[in-house]
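Report on the structure given below.
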Amino acid sequence: MGKVISIPLLGLLIPNISGLIHNRLYPWPELLISYGCFFLTSYSIWRGNEVIHIRIRRWLRRMPSMVNRIIVMFIANIIYSALVALLLLGFWQYELSREGKSSDALAIAVLLSTNVAVIIASIYEIVYLNVERESDQLMMARLDKEKIATELSILKSQIDPHFVFNSLNTLSMLIEQDPVAARQFNDNLARVYRYILGHKSRNLVPLREEVEFVKNYFHLLKLRFREGIELHLYMDDQDAKGYMIPPISLQSLVENAIKHNAFSSETPLKIDVHCSNHHLEIRNNIQEKAYAAPGSGTGLQNLNSRYVLLTRSTIQVFSNNNEFLVRLPLIKAYAC
6 MGKVISIPLL GLLIPNISGL IHNRLYPWPE LLISYGCFFL TSYSIWRGNE
56 VIHIRIRRWL RRMPSMVNRI IVMFIANIIY SALVALLLLG FWQYELSREG
106 KSSDALAIAV LLSTNVAVII ASIYEIVYLN VERESDQLMM ARLDKEKIAT
156 ELSILKSQID PHFVFNSLNT LSMLIEQDPV AARQFNDNLA RVYRYILGHK
206 SRNLVPLREE VEFVKNYFHL LKLRFREGIE LHLYMDDQDA KGYMIPPISL
256 QSLVENAIKH NAFSSETPLK IDVHCSNHHL EIRNNIQEKA YAAPGSGTGL
306 QNLNSRYVLL TRSTIQVFSN NNEFLVRLPL IKAYAC
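Using my numbering, you'd call the opening residue of the sequence shown number 6 and step up by one each time.
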């Protein structure tokens, strides 16, 4: 619709504004032929610049500088528009004009045609660049989302085998020492792993569900370590309401504390969990082992990577001679 209106309008206005034609000097047949030439000039400039934009963009994509691309595009528009206007309007003036050969009027008409073409080309280029930028942003967002999904899948796959390996070792030991406790452990393990299977495809879970899962998981640990470990949850449903957290986060921190500390019924490992200023704080007393526990040290790294991928924020870790503290950012449910 824009072409249908703009092309005839420019073909009508430019010759009159420039003084190239004075309508009263021409009979109707010659006037119609003259405006047919003007309309052809307007259409040729419009259509030619469209083709230039389409063809030259493929070559301009190789230029890293956006400014250089725009300059080259404008130069091509100016040269083409000026040549077409000069040739067609010059032909009309030479063959059909009743007003003599006015170089000033022709120059003004060529200048106006070129300026209008550049203005229209600028509008088209701005629209095209905006569409191209939005398309690139959507593509980058899609690629970023796929990258995040892939990396999260890798991180989660690192958690599950670790948990299974430790659980089977515990169960194997209990079967020999306490068959009744081993059966109870097996039942609790089924409930715990049901949670893992049910949430492994999710990136975030309600904090309330994660806390309930940790309670069940810690019950498994108590069957093995008895009075050597303690878990204190200083929070209730109201504290957890409205917050989300990556699944298996608390379990990995509890497991990390047990793995890297010595403990017994006389000197238990105490793990405290509570909410504070939109963060979940997990702290434990430090009781270093005589020999460092073997491991790849990926537990906290994986958890931090999940937070970075999901929220662009990191976990905070504090440690001194007596206490180890991890602070996890809590995510508002409505922001997910």
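For every residue, glycine included, the Cβ atom is placed at its ideal position computed from N, Cα and C.
Bear in mind that the values here come from a model prediction, so they are computed numbers and not experimental data.
From which residue to which residue does the alpha helix (DSSP H) around residue i run?
i, result
"Phe223", "Leu212 to Phe230"
"Ile201", "Pro184 to His204"
"Leu3", "Lying outside 6 to 341, the shown extent of the chain, residue 3 is not represented and no answer is given."
"Tyr312", "Gly304 to Thr316"
Output needed for residue i: all residues of its chain with C-beta closer than 7 angstroms, excluding positions within five of it in sequence on either side, in chain order.
i, result
"Leu45", "Leu93"
"Leu15", "Ser47 and Val121"
"Ile50", "Ser86, Val89, Ala90, Ser118 and Ala122"
"Ser11", "none"
"Val210", "His204, Met249, Ile250 and Pro252"
With DSSP as the reference, please indicate the residues paired to residue i in a beta bridge.
i, result
"Pro334", "His284"
"Glu104", "Note: Glu104 sits in no beta bridge, so no partner."
"Met347", "No information on residue 347 is available, as it lies outside the stretch 6 to 341 that the chain covers here."
"His237", "Asp277"
"Phe329", "Asn289 and Ser324"
For residue i, which of helix, strand or coil comes out of DSSP?
i, result
"Asp277", "strand"
"Phe268", "coil"
"Asn82", "helix"
"Ile291", "coil"
"Leu124", "Just to set this straight, residue 124 is Ile in the shown sequence, not Leu. Three-state DSSP puts Ile124 in a helix."
"Ile19", "helix"
"Tyr248", "strand"
"His27", "coil"
"Asn208", "coil"
"Pro13", "helix"
"Pro34", "helix"
"Ser39", "helix"
"Tyr2", "Because the chain spans 6 through 341 in this model, residue 2 falls outside it and cannot be assessed."
"Tyr296", "coil"
"Ala47", "The sequence shown places Ser at residue 47, rather than the Ala named in the question. DSSP places Ser47 in helix when its eight states are reduced to three."
"Ser70", "coil"
Excluding the 5 residues preceding and the 5 following residue i in the sequence, name in chain order all residues of the same chain whose CB lies nearer than 6 angstroms to its CB.
i, result
"Glu215", "Ile250 and Leu255"
"Ile180", "Ala187"
"Cys196", "At residue 196 the sequence reads Arg, which differs from the Cys that was named. So the list reads Asn221, once near-sequence residues are dropped."
"Ser172", "Leu194"
"Leu212", "Ala245, Tyr248 and Ile250"
Check for me: the beta strand (DSSP E) holding residue i runs from which residue to which?
i, result
"Ser324", "Gln321 to Ser324"
Using C-beta distances below 8 angstroms, list every residue in its chain close to residue i, excluding the 5 sequence neighbours before and after it, in chain order.
i, result
"Ala81", "Ile57 and Ile61"
"Leu101", "Glu35, Ile38, Ser39 and Cys42"
"Gln189", "Leu228"
"His237", "Lys275, Ile276, Asp277 and Val278"
Compare the C-beta of residue i against all C-beta atoms of chain E and say whether one is closer than 9 angstroms.
i, result
"Val210", "Note that chain E does not occur in the displayed structure, where there is just one protein chain."
message = When you compare the stretch 204-218 with the stretch 227-237, are there three or more beta-carbon pairs, one atom per stretch, that lie closer than 8 angstroms?
response = no
message = Check whether the stretch 19-33 and the stretch 108-117 are in contact - that is, three or more C-beta pairs closer than 8 angstroms.
response = yes
task = Inspect the CB distances between the stretch 329-340 and the stretch 277-284 and report whether three or more fall short of 8 angstroms.
result = yes
query = Using 8 angstroms as the Cβ pair cut-off and three pairs as the minimum, do the stretch 310-326 and the stretch 265-280 touch?
reply = Under the Cβ criterion (8 angstroms, minimum of three pairs), the stretch 310-326 does not count as touching the stretch 265-280.
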